[in-house]
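2 protein chains.
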Amino acid sequence: MTSKDQALLHAKAQVFKALGHPTRLFMIQELSKGERCVCSFAEQVGADFSTVSKHLTVLKHAGLVDDEKRGQQVFYRLRVPCVMQFMNCIEAVLKSNAAASAQLLR
Amino acid sequence: MTSKDQALLHAKAQVFKALGHPTRLFMIQELSKGERCVCSFAEQVGADFSTVSKHLTVLKHAGLVDDEKRGQQVFYRLRVPCVMQFMNCIEAVLKSNAAASAQLLR
DNA sequence: TGCATACTTGGTCAAATTACCAAATGATTG
DNA sequence: CAATCATTTGGTAATTTGACCAAGTATGCA
Chain F
1426 MTSKDQALLH
1436 AKAQVFKALG
1446 HPTRLFMIQE
1456 LSKGERCVCS
1466 FAEQVGADFS
1476 TVSKHLTVLK
1486 HAGLVDDEKR
1496 GQQVFYRLRV
1506 PCVMQFMNCI
1516 EAVLKSNAAA
1526 SAQLLR
Chain X
1426 MTSKDQALLH
1436 AKAQVFKALG
1446 HPTRLFMIQE
1456 LSKGERCVCS
1466 FAEQVGADFS
1476 TVSKHLTVLK
1486 HAGLVDDEKR
1496 GQQVFYRLRV
1506 PCVMQFMNCI
1516 EAVLKSNAAA
1526 SAQLLR
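If you read the sequences in order, they're chains F and X.
Residues 1426 to 1531, numbered by our numbering, are exactly what the first sequence covers, in order.
Residues 1426 to 1531, numbered by our numbering, are exactly what the second sequence covers, in order.
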């Protein structure tokens, strides 16, 4: 494997890693319905404002979302709609997979 | 959000988390070409046998792969072909996204 | 039966992640 | 300009992750 392949592999893993947290995954799901400001997440997620902001930063660095400041608010937008497709596929797998579901859905 | 939704969200996040490591992602890519025994990965990945085995366990618990013992070898198989589709989508995004690429492909 | 081969499991330790608090920045309002 | 609202940044502590080594289990062969 070339070092370029290595880099690409690492980059892709970073994207998955960014999605590998319940709060961030929730944010992605919400963003798939339309843009949202940080404040709207802060309420909904029930975590500290700073925590929410940091999660959004992770998603942004992974290239999954874009942000735009308008007035004093910052709006985030989903950049990668194909995530949702995969999310549906995973959901189907989880539901069809007794072994993993028993472990994961607990 | 109901606690059932919470559980599902958590389960999905676990799946992404499992994919969020270069070695495990590599394994998934290789498995998309066909089944493989642990030993074959051990050589290729260049990590300790036990490390390889643990990575495969993570993928298995996430429901992404199946394993089958035949003789003294254990063969792993990809359970979720749709991962590859998403992988391609991510790859496209990474290549089209200067900002993230600069960070991630370094 | 005894020994090699192919894995898995348990332990340990360093590094990464995540959450919160406090403080800093930036835009808006009085 | 001072005060306030929305958000980010920095610091710290608790938890999780990942890598290796050593030891354990299971299969196959002499």
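Ideal Cβ positions, reconstructed from N, Cα and C, are used throughout, including at glycine.
Check residue i in the structure and name its three-state DSSP category.
i: F:ASP1473; result: coil
i: X:VAL1505; result: coil
i: F:GLN1439; result: helix
i: F:ARG1531; result: Confidence at F:ARG1531 is low in this model, with a pLDDT of 49, below 50, so its placement is unreliable and no value can be given for it.
i: X:LYS1458; result: coil
i: X:GLN1497; result: coil
i: X:ALA1432; result: helix
Is the CB-CB distance between residue i and residue j below 8 Å?
i: X:LEU1503; j: F:ALA1438; result: no
i: X:GLU1441; j: F:GLY1445; result: The amino acid occupying residue 1441 of chain X in the given sequence is Phe; Glu does not appear at that position. Yes, the Cβ-Cβ distance between X:PHE1441 and F:GLY1445 is below 8 Å.
i: X:CYS1462; j: X:PHE1500; result: yes
Can you give the Cα-Cα distance for residue i and residue j, rounded to whole angstroms?
i: F:SER1521; j: F:ALA1443; result: 25 Å
i: F:PHE1474; j: F:ALA1467; result: 6 Å
i: F:ARG1531; j: F:GLY1496; result: In this predicted model, F:ARG1531 has a pLDDT of only 49, less than 50, meaning its place in the structure is not dependable; the value taken from the coordinates is given anyway. Going from the Cα of F:ARG1531 to the Cα of F:GLY1496 covers about 42 Å.
i: X:SER1457; j: F:SER1428; result: 21 Å
i: F:LEU1433; j: F:MET1426; result: 11 Å
i: F:MET1512; j: X:MET1509; result: 13 Å
i: X:GLU1460; j: F:CYS1514; result: 21 Å
Can you tell which of the options has its C-alpha closest to the C-alpha of residue i?
i: X:CYS1507; options: X:ILE1453, X:GLY1445 and X:LEU1481; result: X:ILE1453
i: F:GLN1431; options: X:VAL1499, X:CYS1462 and X:PRO1447; result: X:PRO1447
i: F:GLN1498; options: F:MET1512, F:SER1478, F:SER1428 and F:GLU1455; result: F:SER1478
i: F:HIS1486; options: F:PHE1511, F:LYS1458, F:ALA1436 and F:ASN1513; result: F:ALA1436
Is the stretch 1486-1497 of chain F touching the stretch 1510-1520 of chain F in the sense that three or more CB pairs, one from each, lie closer than 8 Å?
-> no
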